[in-house]
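Remarks on the structure that follows.
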Amino acid sequence: MAVVTFKATSRKLPEGLAVESDVRGFKMVLDEPEDLGGTNKGMNPVEALLCALGSCQSIVAAVFAEQQGINLQEFWVELEGDLDTDGFMGLSDVRPGFLEVRFKMHIKSDSPEDKVKEFAKFIEKRCPVGDTLANGVKLVSSGVVIE
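This note's numbering puts the first residue of the sequence shown at 1, with every later residue one more than the last.
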């Protein structure tokens with residue numbers, strides 16, 4: 001078993017709701033739109049989650065197309081998710097996370113249609129982000145550090 005541990009650090013910035021995350025020296029600012037109390041300095045975390053899924057599917061497609069006998073000329077994904085903000089705000093007893101995430105893969109290829117559809121199923125099966133969303137993941141708190 002080849003288990004790899006990925007690490008990230010996220011730090012609340014002084015202004016509004018902006019958060020800077022750092023992974024391997026790469027930085028990303030996430031925020032909320034102004035109408036949700038943010039400063040609109042970046043996408044919000046649930047939008048980033050949609051991007052993570054679409055990016056993961058795109059990477060799987062690029063890595064495995066040739067191996068699967070697919071002449072992949074172009075690939076992109078449209079994604080959308082429904083979230084009831086009353087759950088986040090504590091205004092109702094609905095879950096705070098996505099209720100549903102939908103995606104549509106666009107595959108430009110001259111490979112046979114049945115092979116391309118089979119490849120799309122392969123992408124869904126191999127995508128780590130999709131697997132995490134579909135099957136959940138154990139969230140473990142390692143404690144709280146008071147500084």
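From the three backbone atoms N, C-alpha and C, an ideal C-beta is built for every residue, glycine too. Every value quoted in this text rests on a predicted model; they were computed, and no experiment measured them.
Close beta carbons around residue i, own chain, < 6 Å, minus the five adjacent residues each side
i	result
K108	Q73, E74
E80	R102
C-alpha gap between residue i and residue j, whole angstroms
i	j	result
E147	L83	34 Å
L139	D93	21 Å
I123	T85	31 Å
S10	G54	22 Å
R95	V101	14 Å
V77	T5	27 Å
Q67	K27	33 Å
K41	A61	31 Å
I59	F119	13 Å
P112	L50	29 Å
Cβ-based neighbour list, residue i, same chain, cut-off 8 Å, excluding 5 preceding and 5 following
i	result
C56	C127, P128, V129, G130
G37	G16, L17
A8	S21, D22, V23
Other residues of its chain near residue i: CB distance less than 7 Å, five sequence neighbours each side excluded
i	result
D110	N71
V116	I70, I107, S109
A52	V129
K12	V19
L133	L53, V101
A48	L30
E32	L17, G38, N44
Beta-bridge partners of residue i, as assigned by DSSP
i	result
T9	D22
K41	The partner list for K41 (beta bridge, DSSP) is empty, contrary to what the question assumes.
L30	V19
- Contiguous alpha helix (DSSP H) assignments of at least 4 residues, all confined to the segment 63-117: 85-89
- Completely contained beta strand (DSSP E) runs for the segment 120-146, where each covers 3 or more residues: Fully enclosed beta strand (DSSP E) runs of 3 or longer: not present.
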